[in-house]
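Residue numbers (this note's numbering), protein chains in the order written: chain A, -17 to 462; chain B, 2 to 410.
The C-beta atom is built at its ideal place from N, Cα and C for all residues, glycine as well.
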């Protein structure tokens, strides 16, 4: 039975996209599935073309320079303080007119956020703008999904200046490509190597390991097996974790002291690498420098458990907390059959009949909900501060998940923040452009999805801001 | 005329309101005056009868029953004249009234006779008789008319806009400055109630989630719910927000080099349920408004004697109480004028009476005064705008609504 075209279009925009803008529903009503597929066929799908944004290595170097400058300033200040303290001890009173502590003009601290925070906010701003500008936002949703799957956290000091670049370089570059390529890009990216401590993991039998007390760190190896590929409690053992950790010793980042021109880039450091053959999940990998690790990753990408894990997560994120088994199996098969082609996987998702069930059970995550409201009003705010604050308040601070597992794909954890959403909706409503007419906006963003109760509530609001707040809080706007 | 651009620090200190940089009225200046005008828009339709009660009307007590404000009751209404009394939640307004610095206009309304909030607010703020006909406000057009040469200057490069957008009343060709309050108003009880109501009817999971967080004990029954009154924002928070916003507005208007005209909006007045009378939802809002008035008086300092604050709302509410202890949308209501520049201490009303035959469409207080007359009276005598401009550019097609004389000292 064919659904009403407008209803399907509206559903499509909320479930697979980032929410309708004015005219979105009408624009795709003739063929919502086709519109989704067109979005993922587009040549530059998922890219952010902004020459002003730095590469992760450039960002790392800029952050390093900033910290150097800070350190230098502090040293100068301390020297000046000690100098004047010494003078006082020696009984010399400062002459009239002589400053108590001379601070050179160049040492005066600059006001405002430091370079790491600036880079973080610039990247956040680019991401938000891309999200608001996207036609449907399906590719954006996929970027957000994979970015969360391969998450890093800006709460780690050295990750903050490069986490945005990480998303562009490792995730966006491969979001419609091969899973194996994305896996390799993510796990060899400096942001990931720093976040999960692999950058300083040293094989006990390596040259460096024999000399120093520092040793192996299993964090990244474990999370690759548990979270990024096979899935928890599947085929791997503790031995596999240790073995894999040894394989990727030496996967590290060029430190500034070593080579300031290439600082911040990935490098394979053989002096940190545990030599020899290692066995991971029943397969032997001979010595081969960085190639050894790449081979393990390639095998993991092809493992059937990975296909199942990825398929389950994707279905859970888009369709239901407990996704239909038939759908998961179909997606896993497609993943395996196409050797992890993520574009084909996305196509399989949106052409699945289960994906078009009109019962909306999922709750939009805070980031999705907030962007949906901005798109509803066709507005990109000049400052992203309030958006970042709103996400923080609702428990989804951008690029700062509390654990490598990332933000939850299930809906129930997000229900807790519903009353805070009310306050945010109230504030969002007050920042909407003057032309925002609530009843019109309801038609354009919910259309046939809106219940008569929601229509009535919006129409009977006591003021335009309240009407908009009610629209954003409506169940049809909260769910997808 | 030089205009002062506020420093960023000043802007950040303010808790948020909307102002227009005024060209100080030439004629007023010539008279040695420096008038200020602040328009306060109450969104949601204020129940005029519950704020200023016609205690002298023989039908009053019967009409509102135990909700009727009365002089002799345990929480007595504050007497204004032989006919009207003020809700006891507003002692500051009462004091100012007695001191001749407040005038109340009753049974007043715009020409709008439907009962939609959006359209009513449009008419209220645009100054045009029908909704959707203008994208500028009467206050902005009044400012534009005050400028030398009568043309609006500037264009977008003169306007500051750092945050939430200006209410319609102050939007238009004359340059407007606005900024983001550091603390936006909390979601009102009313908004929360409406969201909960919507959820209870359409999404029980969300309803439970919201209720649980707010610590409500709800007994879910199909159809009727027996829930406690939810509190999103405490009365204290609302009071603080009103006072802070109004006080900040006044600080700016008081500056010798600051703006002269501004507008604020306060939400929350749509009391369909549990309106209360001397206590409860409406009384809390009136107390907050009273505090705002006090804050304005306090922050204006010497400039108070040059000040008029006009408090207006889109329409009133039903004369009778409805089935949920509240009132529904009505027609005539009150307008308040407060300020040292007024010849106050009186209630201006051509009282239509409260017998059923006297009510508008048998349900609402009948309007006998056009709100535009009141506003024109203020603009004419306080800011010295010409009558011709008032009836054409500022309030189009309003020649039948003559400017109310004698409002100003």
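Query	Result
Is residue 80 of chain B helix, strand or coil when you go by DSSP?	strand
Would you list the one or two residues that DSSP bridges to residue 57 of chain B?	In the DSSP output, where bridge partners are listed per residue, residue 57 of chain B has none listed.
Kindly confirm or deny that the segment 110 to 129 of chain A and the segment 152 to 159 of chain A touch, where touching means at least three C-beta pairs closer than 8 Å.	yes
Whole angstroms is fine: what's the gap from residue 68 of chain B's alpha carbon to residue 277 of chain B's?	7 Å
Counting only Cβ-Cβ distances shorter than 7 Å, please list the residues of the segment 428 to 444 of chain A near chain B, keeping chain order.	433, 435, 436, 439, 443 and 444
Excluding the 5 residues preceding and the 5 following residue 133 of chain A in the sequence, name in chain order all residues of the same chain whose CB lies nearer than 6 Å to its CB.	383 and 388
List, in order along the chain, the chain A residues whose C-beta lies closer than 8 Å to that of residue 236 of chain B?	Result: empty, since nearest Cβ-Cβ is about 17 Å, beyond 8 Å.
Would you report the Cα separation of residue 374 of chain B and residue 103 of chain B, rounded to the nearest angstrom?	17 Å
If we cut at 7 Å on Cβ distances, does residue 408 of chain A have a partner in chain B?	yes
What is the DSSP secondary structure of residue 410 of chain B, reduced to helix, strand or coil?	coil
In or out: residue 152 of chain B buried (at least 16 other Cβ within 10 Å) or exposed?	Annotation note: pLDDT 35 at residue 152 of chain B (below 50); position unreliable, coordinate value reported separately. Under this definition residue 152 of chain B is an exposed residue.
Would you say residue 272 of chain B reaches chain A, if we count a Cβ-Cβ gap shorter than 7 Å as a contact?	no
Provide the residue span of the beta strand (DSSP E) that contains residue 18 of chain A, from first to last.	Residue 18 of chain A -> not in any beta strand (DSSP E); alpha helix (DSSP H) instead, spanning 14 to 23.
Which residues in chain A have a C-beta closer than 9 Å to the C-beta of residue 148 of chain B? List them in chain order.	Neighbours of residue 148 of chain B on chain A: none; closest Cβ ~22 Å, over 9 Å.
Cβ of residue 223 of chain A within 7 Å of Cβ of residue 256 of chain A?	no
By the 9 Å beta-carbon criterion, what residues does the segment 91 to 123 of chain B contribute toward chain A?	117, 118, 119 and 122
Report the start-end ranges of each alpha helix (DSSP H) in the segment 329 to 401 of chain B that is 4 residues or longer and not cut off at the edges.	372 to 383
Excluding the five sequence neighbours on either side, which residues of its own chain have a C-beta within less than 6 Å of the C-beta of residue 348 of chain A, listed in chain order?	373, 376 and 378
Under three-state DSSP, which class holds residue 461 of chain A?	strand
Taking residue 37 of chain B as part of the beta strand (DSSP E), name the residues at either end of that continuous run.	37 to 43
With distance defined between alpha-carbon atoms, name the residue in A/26, A/436 and A/259 nearest to residue 231 of chain A.	A/259
Relative to chain A, which residues along the segment 191 to 214 of chain B have a C-beta separation below 8 Å, given in chain order?	191, 192, 193, 195, 196, 198, 199, 200, 202, 203, 204, 206, 207, 210, 211 and 214
Please tell me whether residue 268 of chain B has its Cβ less than 7 Å away from any Cβ of chain A.	yes
What residues of chain B sit near residue 448 of chain A, judged by a beta carbon separation below 7 Å?	192 and 268
Could you confirm whether any beta carbon from chain A is found closer than 7 Å to the beta carbon of residue 45 of chain B?	yes
Assuming contact is defined by CB atoms lying nearer than 7 Å, are residue 143 of chain B and residue 366 of chain B in contact in what I supplied?	no
Residue 457 of chain A touches chain B at which residues, Cβ-Cβ below 7 Å?	200, 203, 204 and 207
Locate the beta strand (DSSP E) running through residue 313 of chain B, then write down its first and last residues.	308 to 314
Alpha carbon to alpha carbon, how far is residue 337 of chain B from residue 107 of chain A? Give it in angstroms, no decimals.	45 Å
Report yes or no: is there a C-beta of chain A within less than 7 Å of the C-beta of residue 188 of chain B?	yes
Taking DSSP's pairing of strands, which residues face residue 233 of chain A in a bridge?	A/250
If the criterion is Cβ atoms closer than 7 Å, does the pair residue 274 of chain B and residue 327 of chain B meet it?	yes
Give every residue of the same chain whose Cβ lies closer than 7 Å to the Cβ of residue 275 of chain A, excluding the five residues on either side of it in the sequence, and list them in chain order.	229, 230 and 233
For residue 411 of chain B, which residues in chain A fall below 9 Å Cβ to Cβ?	Past the boundaries of the shown model lies residue 411 of chain B; chain B is included only from 2 to 410, so the question cannot be answered.
Can you give the Cα-Cα distance for residue 212 of chain A and residue 397 of chain A, rounded to whole angstroms?	29 Å
Is the segment 431 to 438 of chain A touching the segment 451 to 458 of chain A in the sense that three or more CB pairs, one from each, lie closer than 8 Å?	yes
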